[in-house]
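Chemist: Submitted below is the structure of interest, expressed as structure tokens.
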Amino acid sequence: MSFHNYEEMAAMILFGIGFTTLLLQKNLIKKIIGFSMMDAAIYLFLAAKGYIEGRRAPIVENGITQMEAYINPIPAGLVLTGIVVSVSVTAVMLALTVRLYRRYHTLDFDRICALVRKEEQ
Amino acid sequence: MELWQSIPFACILLPLGSAAITSVLSKRWARYWTMFVLCCLVTLSAVFVVNMQGFSGSYTYMMGHYSAPWGNEIRAGLLEAVTALFFSVIMLLSLMGGMKKIDEHLLSDKQSLYYVMLLLLSAALMAQVYTNDLFTAYVFLEIMTLAACSLIAARNRGRTLVAATRYMIMNLLGSGMFLLGITLLYDLSGHLLMSNIKEAIAHIVTTGQYKMPLTVVIALMSIGLGIKSALFPFHTWVPDAYGYSTPTSSAVLSSLVSKGYIFMLIKIFHRVIGLDVIRSTGILDVLFVFALVGMIMGSVSAIRQNDVRRMIAFSSVAQIGYIFMGMGMGTQAGMAAAIFHIFAHGISKAMLFLSAGGLADASGNHKQFRHLRGSGFRSPIAGVAFTIGALSMVGFPFLSGFTSKLNFATAAMEMSDLSMLLVLLVLIVSTFLNTVYFLKTVITLYRKPLPGVHYPKEKGQRGFCFHAALVLFSVANISLGLFSQSVMDAISHGLAHFG
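Chains as they are written, first to last, in this note's numbering: chain A, 1 to 121; chain B, 1001 to 1499.
Written as structure tokens, this is what we have:
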């Protein structure tokens, strides 16, 4: 038995790594890296699914207008939209991290939580 | 196509466009402008409901004149119309009730940005309700998450920053799963428009292919949206996020944001995958069990709090459990009961958060129960509003919560013996626990204050807006209870044309 879906497999493994990093890492910057990896894995998956061997990017060249000559443009469009979304989410997360770091001078989320609790008492 | 059929599009575009304008206004004009836009939204939604009642079924609205498999679509029916009306009313009243606190809690030069976020959130909510395209739904889901995060972090305190970060982390896990679900579903079906996906799925199911991937898709989407809407085991971000942000944010987050995600999930169940397919995968049973445990555990945690806002936050977890229980039953009656509870809980919970803010203010800004003693006398309207909200949550007759509990019990009668017994038992236990902590709070409000403690007289009045919002909320709650039958009729009629 041989595998063909290397990209999809890689995407799923990366998604798993990103997901667990976002969930379990204490360091906020590493959490954000995990999130970026998770989203990038999904975009890899989409791009891999959208590619058809032997066809070209969906830009009309040399007057060839048959549908069979080009790949489906929608997955690429989805990837672009998704990138915009994840860039803005990353920006917000980084902004929050900066604000937390200025206040508590650490990036360790568990320590920040402990400091906040101490501050309240 | 008639003019009124463009209202859903206007409902999305109006807040989205005005959010951009609001960012350059001064805080006073930003507030007036936001109120004006939200009033327009309520009016438009009301006109739409009236028109929709004379219109049978639902219609699709093409965006940009591209026909079905390529274009982007809005689809509206009676259910969407009623939901949009409820959401916009709750949004307007929550803003009205918390306006004074926004002034107090937020830096003066950042306030207009708060209104930007509120408008973006309304636009995202309306888009969730009306869209017929799965990827558009995802994009607006993320806009809603970002706006909600900013609403939490707007009050510049350590506690709210941590709450916002925790909220973001949990929500990003949820959106990651949801996005993966959409991607897999797109690969399976080749479509992004909900109705087209449903046709493709029906075809896939009849051929018996891709059973496993389909189950994975459904699980990813349900759990992803479950995390985002604070279903029981994933609720850890709730108490901080609802408990420490400014009252408008808490009200909007608990009554609207989580409900928007749930509405999306109901839409996916009905319109994207089909209830029969969902039922055959067994994911509904998982949601059902989570919901039942959540109903009990949420209430148990609420009893153990000594801070009134954290208590209300934990009560939200239990109430989200009710909604998921209705969905988990997998019957039309259960689904209708769940949707009714979305409205009932939305109206009561927003009022509870706002009035709890008013009561805490009357007690020298303390939220602990021992300081709240007697606050019902110090701030009479907030006290009465809190009592009405609490009674509605407990299920007092003539209030909206009573009808929802009745609906759930009636829906349970259609189920098999074991599940029926389980639902009724959990309903009874949960109602009992609700009664314990809500009545305890109400009694505290009307007890003699602690001896020797004097609370400072409030500087001036808390404002006409605050009281007006609480009165309007109470009226809405009572009328939802009294006219529940017509709302239920609208819901079941809308549900029939939802898929």
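Glycine included, every Cβ here is placed at the ideal spot set by N, Cα and C.
When you compare the CB of Met1117 (chain B) with every CB in chain A, is at least one pair closer than 8 angstroms?
Modeler: With respect to chain A, the C-beta atom of Met1117 (chain B) has no partner C-beta closer than 8 angstroms.
Chemist: For the stretch 1185-1203 of chain B, which residues have a beta carbon sitting closer than 7 angstroms to at least one beta carbon of chain A?
Modeler: Asp1187
Chemist: Sort out for me which residues DSSP pairs Arg111 (chain A) with in a bridge.
Modeler: In the DSSP assignment, Arg111 (chain A) forms no beta bridge with any residue.
Chemist: Since Glu8 (chain A) is in the alpha helix (DSSP H), which residue starts that stretch and which ends it?
Modeler: Tyr6 to Leu24
Chemist: Going residue by residue through the stretch 1385-1413 of chain B, where are the continuous alpha helix (DSSP H) segments of at least 4 residues, counting only ones entirely within it?
Modeler: 1400-1412
Chemist: Does Ser36 (chain A) have its Cβ less than 8 angstroms from a Cβ in chain B?
Modeler: Interface residue (Cβ-Cβ distance to chain B less than 8 angstroms): Ser36 (chain A) is not classified as such.
Chemist: Which partner residues does Thr1060 (chain B) have in the DSSP bridge list?
Modeler: B:Arg1075
Chemist: May I ask you to list, following chain order, the residues of the stretch 87-114 of chain A that have a beta carbon less than 8 angstroms from some beta carbon of chain B?
Modeler: Ser88, Val89, Val92, Met93, Leu96, Thr97, Arg99, Leu100, Arg103, Tyr104, Phe109, Ile112 and Cys113
Chemist: Can you tell me whether DSSP reads Gln1368 (chain B) as helix, strand or coil?
Modeler: strand
Chemist: Less than 8 angstroms between the beta carbons of Met1335 (chain B) and Phe1234 (chain B), yes or no?
Modeler: Cβ atoms of Met1335 (chain B) and Phe1234 (chain B): not closer than 8 angstroms.
Chemist: Quick check: is the beta carbon of Ile29 (chain A) nearer than 8 angstroms to any beta carbon in chain B?
Modeler: For Ile29 (chain A), not one C-beta of chain B is nearer than 8 angstroms to its own C-beta.
Chemist: Find the residues of chain A that neighbour Cys1039 (chain B), judging by a C-beta separation of less than 8 angstroms, and give them in chain order.
Modeler: None at all; the shortest Cβ gap to chain A is about 29 angstroms.
Chemist: Beta-carbon within less than 7 angstroms of Glu1104 (chain B)'s beta-carbon, same chain only, minus the 5 sequence neighbours each way: which residues are those?
Modeler: Excluding positions up to five away in sequence, the list is empty.
Chemist: Using DSSP with H/G/I as helix, E/B as strand and the rest coil, what is Arg1157 (chain B)?
Modeler: coil
Chemist: Whole angstroms are fine: how far does the CA of Tyr1130 (chain B) sit from the CA of Pro1500 (chain B)?
Modeler: The structure shown has nothing for residue 1500 (chain B), since chain B only spans 1001 to 1499.
Chemist: Would you kindly report the start and end of the unbroken alpha helix (DSSP H) that includes Gln1053 (chain B)?
Modeler: Lys1027 to Gln1053
Chemist: Taking only beta-carbon positions, decide if Leu22 (chain A) is within less than 8 angstroms of chain B.
Modeler: It does; some Cβ of chain B falls within 8 angstroms.
Chemist: Work out the CA separation of Ile1303 (chain B) and Leu1372 (chain B) for me, nearest whole Å.
Modeler: 16 angstroms
Chemist: Strictly below 8 angstroms CB to CB, what residues from chain B border Val60 (chain A)?
Modeler: Neighbours of Val60 (chain A) on chain B: none; closest Cβ ~17 angstroms, over 8 angstroms.
Chemist: Taking 8 angstroms as the threshold (beta carbon to beta carbon), is Glu119 (chain A) in contact with chain B?
Modeler: yes
Chemist: Thinking C-beta only, is Ser1056 (chain B) closer than 8 angstroms to Arg1075 (chain B)?
Modeler: Judged by beta-carbon spacing, Ser1056 (chain B) lies beyond the 8 angstroms limit of Arg1075 (chain B), meaning their Cβ atoms are not closer than that value.
Chemist: Within the same chain, show all residues whose beta-carbon is closer than 6 angstroms to that of Ser1484 (chain B), passing over the 5 residues directly before and after it, in chain order.
Modeler: Thr1403
Chemist: Are the C-beta atoms of Leu78 (chain A) and some chain B residue less than 8 angstroms apart?
Modeler: yes
Chemist: When DSSP labels each residue in this structure, what does Gln65 (chain A) get in the three-state scheme?
Modeler: Going by the sequence as given, residue 65 (chain A) is Thr instead of Gln. In this structure, Thr65 (chain A) counts as coil in the three-state DSSP scheme.
Chemist: Taking C-beta pairs closer than 7 angstroms, name the residues in chain B that Leu46 (chain A) reaches, listed in chain order.
Modeler: Thr1183
Chemist: Rounded to a whole number of angstroms, what is the C-alpha to C-alpha distance between Arg1166 (chain B) and Thr1431 (chain B)?
Modeler: Rounded to whole angstroms, the separation of the alpha carbons of Thr1431 (chain B) and Arg1166 (chain B) is 30 angstroms.
Chemist: Per DSSP, which one or two residues make a beta bridge with Asn27 (chain A)?
Modeler: A:Asp108
Chemist: May I ask you to report which of helix, strand or coil DSSP gives Arg102 (chain A)?
Modeler: Reduced to three states, the DSSP call for Arg102 (chain A) is helix.
Chemist: Can you list, in chain order, the residues of its chain with a C-beta nearer than 7 angstroms to that of Gly1460 (chain B)? Leave out the 5 residues immediately preceding and following it.
Modeler: With a pLDDT of 47 at Gly1460 (chain B), under the threshold of 50, the predicted position of this residue should be treated as unreliable, though the coordinate-derived value follows. Correct list: empty, nothing qualifies.
Chemist: Can you list, in chain order, the stretches of the alpha helix (DSSP H) that have 4 or more residues and sit fully within the stretch 1259-1301 of chain B?
Modeler: Runs of the alpha helix (DSSP H) lying entirely within the stretch 1259-1301 of chain B, each at least 4 residues long, are 1275-1281 in chain order.
Chemist: Could you tell me which of A:Met38, A:Pro73 and A:Arg111 sits nearest to Thr21 (chain A), measuring between CA atoms?
Modeler: A:Met38
Chemist: Quick check: the Cα distance between Ile1204 (chain B) and Leu1141 (chain B), rounded to an integer number of angstroms?
Modeler: 28 angstroms
Chemist: Starting from Lys49 (chain A), find everything on chain B with Cβ-Cβ shorter than 7 angstroms and list it in chain order.
Modeler: Asp1187
Chemist: Using the C-alpha atoms, what's the distance from Phe109 (chain A) back to Leu1079 (chain B)?
Modeler: 42 angstroms
Chemist: If you draw a straight line from the C-alpha of Ser1255 (chain B) to the C-alpha of Arg111 (chain A), how long is it?
Modeler: 31 angstroms
Chemist: Please classify Glu1073 (chain B) as buried or exposed, where buried requires at least 16 neighbouring CB atoms within 10 angstroms.
Modeler: buried
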